[in-house]
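One structure is given below, encoded as structure tokens.
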Amino acid sequence: MDFEPVVPLDRTFDALYGLEILARSDDEVTARVAVRDEVKQPMGLVHGGVYASMAESITSLATGWAVAADGMMAQGLSNQTSFLRPILEGTVHARAVRRHRGRTTWVWEVEITDDQGRLCALVRMTVAVRPLPAG
Numbered sequence: 006m007d008f009e010p011v012v013p014l015d016r017t018f019d020a021l022y023g024l025e026i027l028a029r030s031d032d033e034v035t036a037r038v039a040v041r042d043e044v045k046q047p048m049g050l051v052h053g054g055v056y057a058s059m060a061e062s063i064t065s066l067a068t069g070w071a072v073a074a075d076g077m078m079a080q081g082l083s084n085q086t087s088f089l090r091p092i093l094e095g096t097v098h099a100r101a102v103r104r105h106r107g108r109t110t111w112v113w114e115v116e117i118t119d120d121q122g123r124l125c126a127l128v129r130m131t132v133a134v135r136p137l138p139a140g
């Protein structure tokens, strides 16, 4: 059973910056964002918030899809992003791997890479798993 979002995914913040989910499972998810001026900071680099947003969104969504059948929901609890090298053009790629599947928290590691496969950011995401609110 997939969860039904309150706001359709094509009308969310993720759609605004262009998140495209490529593949997903309970323990891995991949996504990308095309680089365009709207996702850059004034000096021409992809804004660090794009990396952090990608990581939080894909890990929260993957966790949510996995726990929905149990009447649970997922939300980002902690996002620790280390920026290693800038991306100026092309595509931002993200690959998240689940490292811990607990009853109330899941922990993911996310690698952000450029088109050449170079590591540009590392993210450790902790996602809270909570009961769906009544109604």
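The sequence shown begins at 6 in our numbering and counts up by one.
A virtual CB, placed ideally from N, CA and C, is assigned to each residue, including glycine.
Small disclaimer: the values here were computed from a predicted structure and weren't measured.
Burial check for residue 19: the Cβ neighbour count within 10 Å reaches 16 or more, so the residue is buried.
Just measuring C-alpha positions, the residue of 38, 63 and 120 sitting nearest residue 52 is 38.
Buried is the label assigned to residue 61, since at least 16 other Cβ atoms lie within 10 Å of its Cβ. DSSP, reduced to helix, strand and coil, places residue 63 within a helical segment of the structure shown. The three-state secondary structure of residue 68, taken from DSSP, is helix.
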